[in-house]
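According to the numbering used here, the residues represented by the sequence shown are 176 to 528, in order. Each remark here refers to the structure printed beneath this line.
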Amino acid sequence: MNQPPKCDRRMNSPEKNRTSKMKHGISYRPPDTKSFSDLCQVAETAGFDMLFIPDSQSLYREVYVSSAICAIQTEKIHFGPCVTNPLTRHPAVAASAMGTLSELSNNRAIFGIATGDSAVLNLGLKPSKVDEVRNYLTVFQNLVENGHGKYQDNLCHLSWFKKKIPTYIAAEGPRTLKLAGEIADGVIIGTGLIPEVISDTLTWIEDGAKKSGRTLDQLDLWWLVDVHIDKDGEKARNEIRTALASSAHHSFSFTTDRKRIPKDLLSAIKNLRNKYKTSEHGLINKSNNSELVDTFGLREYLLERFAIAGTPKECRKRLIELEKRGVKALRINCNIPDRASFMRQWQDDIRVI
């Protein structure tokens, strides 16, 4: 739904009336089922290409129930768990759930997975290793496409569904990015959006793709970005701090090696990681994680690396910059109270630039 821009707000833009060629996806934690149902319809009406539904059972509503709601309430948008993990569900259970969603939605469902963060940490478990993600996703792919697999030395079966479901790996480190390039259909990239990081990231994904005889152009690459818009730009940058802390926690959780972190900020990043509360992961009504961003002097750096935040004019400028850097699809983290208004504004005031 691209509505014509108002002349007064585009008068000084050298690229006015141009629609962003990027694909745009949205992610927000599922609220109560009625509200989530309404938000799914807004996401589709506002022209989003993908709805990424987080999986963190201790903090958010159940991801597969939420995905079913999206399947029923929409007609075009692609959607699915993004991301789940290898620990909280057997791959045969995930395969059956995804087969049902694919059937329910006329093949619009996608399956996203990573090593695990708040979903497993809030159970007292450790995230999976890269090889465990490989094994899990390979078994999942075999189950949905061929009906059988072998997981943890045991045979497993899926008798009623045999069809490809697009798979995505969310990744921040070199090994996981290479794995995603090798075995997944797409990558949800959480490394950041500064030029040298983009270059490193694409190199690692391409290295993995070559192992399976593929190229970058054959993969669906989504760059994770935290977004907040307000007529008061400083207010937007202040209110996005919870998301910034979350992105730093994700991207730098296992190691800071080869992450392109400035040397003078390494200590601050490590302090944020150590003080981060996974029990408050992504919760904007809690203050601990958001305050860490300013306590350790990381706001400006994290904004530049992970965010689009500010006035509509500032956000449009940032979007143009990212397009010029070769970013073709954004997975927008919508971590604000009024998600419906945000989605409409993004389509009307930002995506049409």
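We put the beta carbon where it would ideally sit given N, CA and C, even for glycine.
Same chain, Cβ closer than 6 Å to residue i, five either side skipped, listed in chain order
i	result
residue 369	480
residue 203	509, 514
residue 330	none
Residue environment, residue i, which counts as buried when at least 16 other CB atoms sit within 10 Å
i	result
residue 522	buried
residue 353	buried
residue 426	buried
residue 340	buried
residue 472	exposed
residue 400	buried
residue 219	buried
residue 405	buried
residue 470	exposed
residue 393	exposed
residue 442	exposed
residue 608	Any question about residue 608 goes unanswered here, given that the chain covers just 176 to 528.
Cβ distance (whole Å) where residue i is taken to contact residue j below 8 Å
i	j	result
residue 363	residue 397	5 Å
residue 494	residue 483	7 Å
residue 200	residue 373	Not a contact, Cβ separation roughly 18 Å.
residue 525	residue 490	5 Å
residue 246	residue 276	6 Å
residue 395	residue 432	Their Cβ separation, rounded to whole angstroms, is 27 Å, which puts residue 395 and residue 432 out of contact at 8 Å.
residue 267	residue 312	About 13 Å; that fails the 8 Å criterion.
residue 477	residue 419	4 Å
residue 305	residue 351	6 Å
residue 428	residue 412	About 24 Å separates the two Cβ atoms, so there is no contact after all.
residue 416	residue 358	Not confirmed; about 35 Å, so no contact.
Cβ neighbours of residue i in the same chain (closer than 8 Å, five flanking residues each side left out)
i	result
residue 300	262, 291
residue 519	217, 221
residue 337	319, 320, 321, 322
Any non-hydrogen atom of the ligand NAP closer than 7 Å to residue i Cβ
i	result
residue 308	This structure lacks the ligand NAP, and indeed carries no ligand of any kind.
Beta bridge counterpart(s) of residue i as assigned by DSSP
i	result
residue 203	Per DSSP, none; premise fails for residue 203.
residue 331	324
residue 508	202, 401
residue 256	228
residue 343	287, 361
residue 485	404
residue 296	Paired residue(s): none; residue 296 is not in a bridge.
residue 396	362
Min CB distance residue i to chain C below 8 Å
i	result
residue 351	Absent from the structure: chain C. Only one protein chain is present.
Spatial neighbours of residue i in its chain, beta-carbon cut-off 7 Å, leaving aside the 5 residues before and after
i	result
residue 179	Residue placement at residue 179 is poorly supported in this model, since its pLDDT is 36, which falls under 50; the coordinates still yield a value, given next. Result list for residue 179: empty, nothing under 7 Å.
residue 271	333
residue 452	463, 464
residue 391	377, 380, 381, 384
Item to check | contact_flag[the stretch 211 to 226, the stretch 498 to 517] where n(CB pairs < 8 Å) is 3 or more | outcome: yes
Checklist entry - Are the stretch 445 to 460 and the stretch 335 to 346 touching, with three or more C-beta to C-beta distances below 8 Å? => result no
Item to check | At least 3 beta-carbon pairs within less than 8 Å: the stretch 379 to 396 vs the stretch 435 to 454 | outcome: no
Checklist entry - When the Cβ atoms of the stretch 246 to 256 are set against those of the stretch 219 to 236, are three or more pairs found closer than 8 Å? => result yes
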